[in-house]
Amino acid sequence: MRRAGRIVADVLALMEEELKAGVTTLHLDSLAEEYIRKSGARPSFKGYKGYPVSICVSIDDEVVHGIPSMRVIEEGQVVSIDVGAIWQGYHGDGARTFFVGTPPADTARLIDTTRLSLLAGIAAAVPGASVEDISGAVEDVAVEGRCDIVRPYVGHGIGTRMHEDLQVPNYRQGRRGAELAVGVCMAIEPMLALGSADVETLEDGWTVRTKDHSLAAHFEHTIAVTENGPEILTKA
Ligand code: MF3
Ligand code: CO
Numbered sequence: 000m001r002r003a004g005r006i007v008a009d010v011l012a013l014m015e016e017e018l019k020a021g022v023t024t025l026h027l028d029s030l031a032e033e034y035i036r037k038s039g040a041r042p043s044f045k046g047y048k049g050y051p052v053s054i055c056v057s058i059d060d061e062v063v064h065g066i067p068s069m070r071v072i073e074e075g076q077v078v079s080i081d082v083g084a085i086w087q088g089y090h091g092d093g094a095r096t097f098f099v100g101t102p103p104a105d106t107a108r109l110i111d112t113t114r115l116s117l118l119a120g121i122a123a124a125v126p127g128a129s130v131e132d133i134s135g136a137v138e139d140v141a142v143e144g145r146c147d148i149v150r151p152y153v154g155h156g157i158g159t160r161m162h163e164d165l166q167v168p169n170y171r172q173g174r175r176g177a178e179l180a181v182g183v184c185m186a187i188e189p190m191l192a193l194g195s196a197d198v199e200t201l202e203d204g205w206t207v208r209t210k211d212h213s214l215a216a217h218f219e220h221t222i223a224v225t226e227n228g229p230e231i232l233t234k235a
């Protein structure tokens with residue numbers, strides 16, 4: 000899983016380098032797929048429930064699962080990129096949100112808050128804690144940053160399957176969740192919106208967008224709970 004996570008992290012770094020006004024989202028997808036395959040891995044999203052390509056690129060009011068196409072990236076866009084790779088049967092899953100250019104203050108707050116909520120959630124993933132501790136840590140940072148939490152999508156267990164049974168909500172459930180034992184691996188992935196986080200899925204069957212068209216951001220890491228605390232497997 001470390002190796003799968005490393006590949007995902009490398010692809011996200013490559014995406015950051017290649018993301019600029021004028022490139023198509025499908026070009027980013029091709030670069031990502033090529034890098035994953037050259038690394039001896041496979042893109043886990045391709046073919047997943049019929050998903051046609053290797054990464055997700057979600058722009059502005061799109062939250063997650065945007066399908067790469069001939070759409071051209073423009074200056075001033077909020078671009079969330081989600082990458083998954085399988086190496087020797089083990090999965091890595093990670094996402095980051097970028098801004099094309101220099102973000103206005105409220106957009107910077109959205110992106111920073113989402114990133115920091117993920118880091119807070121990860122910090123809570125220590126042996127003996129529970130999923131509720133992660134959820135609460137994410138929620139507190141989101142609320143403090145005045146962002147709304149997208150609730151229908153949650154983080155997940157990950158290992159030899161991309162989605163394993165464990166669910167990791169980005170808000171408190173009001174009850175102590177599953178205990179975090181050493182060796183548990185999960186993807187934590189807060190999705191926040193600047194306005195209302197009510198979402199809808201587009202006619203393409205995949206793209207999830209905010210109903211009020213407010214901007215959204217998404218950060219995700221695959222982590223392992225170790226005796227020394229959380230280890231980020233998709234760290235840049
Ligand atoms: N990375 C997403 C997740 O964490 C999965 C992307 S959906 C896919 O659940 F269809 F693109 F694979
Ligand atoms: Co995920």
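In terms of this note's numbering, the sequence shown opens at residue 0 and continues consecutively. Just so it is clear, CB atoms sit at the ideal spot from N, CA and C, and this is done for glycine as well.
Reduced DSSP secondary structure (H/G/I, E/B, other) of residue i
i, result
"M14", "helix"
"G228", "strand"
"L118", "helix"
"L109", "helix"
"D197", "coil"
"E188", "coil"
"A223", "strand"
"R1", "helix"
"A124", "coil"
"D9", "helix"
Of the residues the options, the one placed nearest residue i, counting alpha carbons only
i, options, result
"A12", "G144, P102, T206, S79", "S79"
"L179", "P103, G127, D139, V153", "G127"
"Y34", "L117, V71, R5", "R5"
"D105", "V198, V7, R145, R208", "R145"
"E163", "L201, D147, A186, G173", "A186"
"F97", "L118, R41, E17, G173", "E17"
"V149", "V198, M69, T225", "V198"
"L233", "L118, R70, A192, A141", "The residue you asked about is not Leu; residue 233 is Thr in the sequence shown. When only C-alpha atoms are compared, the closest one is L118."
"C55", "G39, W86, T23, R36", "T23"
"V153", "G182, V63, D203", "V63"
"A123", "T113, G135, T112, R114", "G135"
"R2", "G182, H217, H90", "H90"
"G83", "M161, G120, K48", "M161"
"L214", "T206, E15, I58", "I58"
"L191", "G88, D60, A216", "A216"
"I110", "Q87, D147, G204", "D147"
"A196", "C184, A141, G204, V183", "A141"
"D9", "N227, T225, E226, H220", "H220"
First through last residue of the beta strand (DSSP E) which encompasses residue i
i, result
"G154", "154 to 156"
"G211", "Going by the sequence as given, residue 211 is Asp instead of Gly. It is not in any beta strand (DSSP E) - D211 carries neither H nor E in the DSSP assignment."
"V167", "163 to 167"
Bounding residues of the alpha helix (DSSP H) (the contiguous stretch that carries residue i)
i, result
"V140", "130 to 143"
Bridge partner(s) assigned by DSSP for residue i
i, result
"D147", "A192"
"E202", "DSSP lists no partner for E202."
Within-7 Å CB hit, residue i to chain B
i, result
"V10", "Going by chain labels, chain B is absent from the structure shown, which holds only one protein chain."
- [ ] Please specify which runs of the beta strand (DSSP E), each continuous and at least 3 residues long, are wholly inside the segment 21 to 98, giving them in chain order.
- [x] DSSP runs (the beta strand (DSSP E)) wholly in the segment 21 to 98: 54 to 58, 61 to 63, 77 to 86, 89 to 98.
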